[in-house]
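Peer 1:
In our numbering, the protein residues as written are 26 to 343.
#1: Can you tell me where the alpha helix (DSSP H) with residue 76 in it begins and where it stops?
#2: Express the C-alpha separation of residue 93 and residue 85 in angstroms, rounding to a whole number.
#3: Compare the beta carbon distance of residue 111 and residue 79 with 8 Å and say whether it is the shorter of the two.
#4: Quick test of the definition: if touching needs 3 or more C-beta pairs under 8 Å, does the region 148 to 160 touch the region 197 to 213?
#5: Any idea if residue 325 is buried or exposed, counting beta-carbon neighbours within 10 angstroms, 16 or more meaning buried?
#6: Would DSSP call residue 195 helix, strand or coil?
#7: For the region 214 to 222 and the region 118 to 125, state whether three or more C-beta atom pairs, one from each stretch, are separated by less than 8 Å.
#8: Give me the Cα-Cα distance between residue 144 and residue 310, rounded to the nearest whole angstrom.
#9: Taking 8 Å as the cut-off, does the region 284 to 302 touch the region 317 to 331 (at least 3 CB pairs, one atom from each stretch)?
#10: Which first and last residues belong to the alpha helix (DSSP H) in which residue 137 is found?
#11: Which stretch, first to last residue, makes up the alpha helix (DSSP H) that contains residue 132?
#12: Select from 81, 108, 61 the residue whose C-alpha is nearest the C-alpha of residue 98.
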């Protein structure tokens, strides 16, 4: 199999790359923790006030905005601001809960757990009834935990998007919130795209990106006769790999995807199994402490992930 020079029999280079990636991930987590640390914890009175504003907004949210009175527009603006503040001031709760599930996460990283927990938190903020008398942390705990547990249950069959795509989606959501405050209404796709310097198609693709992770088996043609996405990745151990790859995908792109999108263990498995003299499964088991069946599953899911990421990168045209 044709490979870029940095992979030619060099497990040392691979080790250096994985260590660098680990440092980058730790730095990203610390930046996030520093960012959410800026938001103060709320007291009971503040929770009641924010919860009341959010519920007042939700009560009118299903109405036609064109019929809003001035008072209802003010309720909407106040509700959106209250929701954002309520979420931001409880992000540390999500981190604390997510930490308890790190050892259970086989394919999800810590920040993936946090992101799922944040979705649960947002749901809790909108469901929180300030008249019931309980603390937000008590109520939100169930929603956050449920969101994380569901993510863990489905993670083995799903494929994670790269951090860059998650960051772009986060940028879109922050821009949308910012424009909501400025305009007093939900912004259009065009307005969000202009705000962050993308075109409307790119914004739509990013917002739909999480849905694409379930589409590896969909046919690329207009009917069922076409190739599926994963079938466009060649059997990289076949005797005519180079020739086949020239028709379907450049192996240099594939190895670039392996470096960029896979965790260090999966990357190690794929590279060691597909170099000139493949490392045996037994040796890999001793190196990683994982069973042969687990390593084989990681190799298969890693190649599927690369297929999807290459597909998404071409689609988004970044």
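Every residue gets a Cβ at the ideal spot worked out from N, C-alpha and C, and that includes glycine.
Peer 2: Reading it off the structure:
#1: Counting along the chain, the unbroken alpha helix (DSSP H) around residue 76 starts and ends at 69 to 86.
#2: If I take the Cα positions, the gap works out to 9 Å.
#3: yes
#4: no
#5: exposed
#6: Residue 195: helix per DSSP, three-state reduction.
#7: Contact fails: fewer than three Cβ-Cβ distances are below 8 Å.
#8: 36 Å
#9: yes
#10: 135 to 152
#11: Residue 132 -> no alpha helix (DSSP H), and no H or E assigned at all.
#12: 81
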